[in-house]
Amino acid sequence: MVDGPFSTFPHRRRRLPATTGKISVKRFVQWVASLQGTAEQVFIREISWAKEAGFPSHEYILLTFGGKDDSNPIFDTTLRLERDVNSWFKIFGSRFGLGSNCRDTVSIWSSSLAAQHSGDRTIAYIAVNRTDIDLRHIALLLEVIGAAKVWSFNCWWYAGCLWSNLARCIGSNYCRFRRPHREGQVEKFADFLAESRGSRGADEWDAMNFLPSGGC
958 MVDGPFSTFP
968 HRRRRLPATT
978 GKISVKRFVQ
988 WVASLQGTAE
998 QVFIREISWA
1008 KEAGFPSHEY
1018 ILLTFGGKDD
1028 SNPIFDTTLR
1038 LERDVNSWFK
1048 IFGSRFGLGS
1058 NCRDTVSIWS
1068 SSLAAQHSGD
1078 RTIAYIAVNR
1088 TDIDLRHIAL
1098 LLEVIGAAKV
1108 WSFNCWWYAG
1118 CLWSNLARCI
1128 GSNYCRFRRP
1138 HREGQVEKFA
1148 DFLAESRGSR
1158 GADEWDAMNF
1168 LPSGGC
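Numbering follows our numbering, in which position 19 of the sequence shown is assigned residue number 976; successive positions increment by one, without gaps.
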């Protein structure tokens, strides 16, 4: 059972259009619209940027929601947001006017840990300290980003757009940013560039200027 705070919605509306697996962003947006004002009963508690093992690695965003009526994290629910294509070859179809082949999806999980496959890792994390960013904000953002599918097929670009827009919406005064894992040679190179330019090193990055190396 992964309803969590979503169980506070009216019974006939509270479930996502699909009970298992991934659903399209379009169906998710329709579901959020059906909630009307009750969508404000839940809020984003955490945002995670995660990546799968291997190279190139698939990257995605996890949004963990809490309920305003119950602040206990044990009852939280996580949405996994991602953009993917079936193969590298099909990517070029969208570039040459053959139609977009990338697919934006949403899936629901009982926790951010459950939403990740074995071997996946969280590379950045935001704890949100406000309760007015709800499902309606996410639905609107997904619709806007979804319009960019011809050139912006990359899962890393998609995750980055979600991350940066959410961080900007929340504001630096209402979020706590951290990086659970270090990024090896990529991070060392970023530190080297920062030092040579007299700017801040990677350990001083915040949620807005954090941008990891690209994945799929």
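Glycine included, each C-beta is placed from N, C-alpha and C at the ideal position.
query: Enumerate in chain order the residues of its own chain whose CB-to-CB distance from F1046 is below 6 Å, with the five nearest sequence positions on each side excluded.; result: Any reading at F1046 must be qualified, since the residue scores a pLDDT of 46, below 50, and its modelled position is unreliable; no value is offered.
query: How many whole angstroms separate the CB atoms of T1021 and S1067, which I take to be in contact at a CB cut-off of 8 Å?; result: Their Cβ separation, rounded to whole angstroms, is 10 Å, which puts T1021 and S1067 out of contact at 8 Å.
query: What are the residues that DSSP puts in a beta bridge with A1081?; result: W1006
query: Using a Cβ-Cβ cutoff of less than 7 Å, which residues in the same chain neighbour I1090 once the five nearest sequence positions on both sides are dropped?; result: F1000, I1001, C1126, I1127
query: Just checking, does the region 980 to 996 make contact with the region 1079 to 1096 on the three C-beta pairs under 8 Å criterion?; result: yes
query: I'd like the list of long-range same chain contacts for S1005, defined as Cβ closer than 6 Å, with 5 residues on each side in sequence excluded.; result: L1019, S1069, T1079, Y1082
query: I need the boundaries of the beta strand (DSSP E) containing S1064, first residue and last residue.; result: 1060 to 1066
query: Less than 8 Å between the CB atoms is what I'm expecting for D1061 and L1099, so what's the real figure, rounded?; result: 7 Å
query: For C1112, which residues in the same chain have their Cβ closer than 8 Å to its Cβ, ignoring the five residues on either side in sequence?; result: H1015, E1016, Y1017, E1039, R1040, D1041, G1172, C1173
query: Nearest to T1088 by alpha carbon, out of I1102, R1136, E1003?; result: E1003
query: With a Cβ-Cβ cutoff of 8 Å, do C1118 and V1085 count as a contact?; result: no
query: Give the secondary structure of R1052 by DSSP, where H, G and I count as helix, E and B as strand, and everything else as coil.; result: Residue placement at R1052 cannot be trusted, given a pLDDT of 49 that sits under 50; what the coordinates show is reported in the next sentence. Three-state result, R1052: helix.
query: With burial defined as no fewer than 16 other Cβ atoms inside 10 Å of the residue's Cβ, what is the status of F934: buried or exposed?; result: In this structure the chain extends from 958 to 1173, so residue 934 is not present and cannot be described.
query: Using beta-carbon positions only, say whether P962 and F1032 come within less than 8 Å of one another.; result: yes
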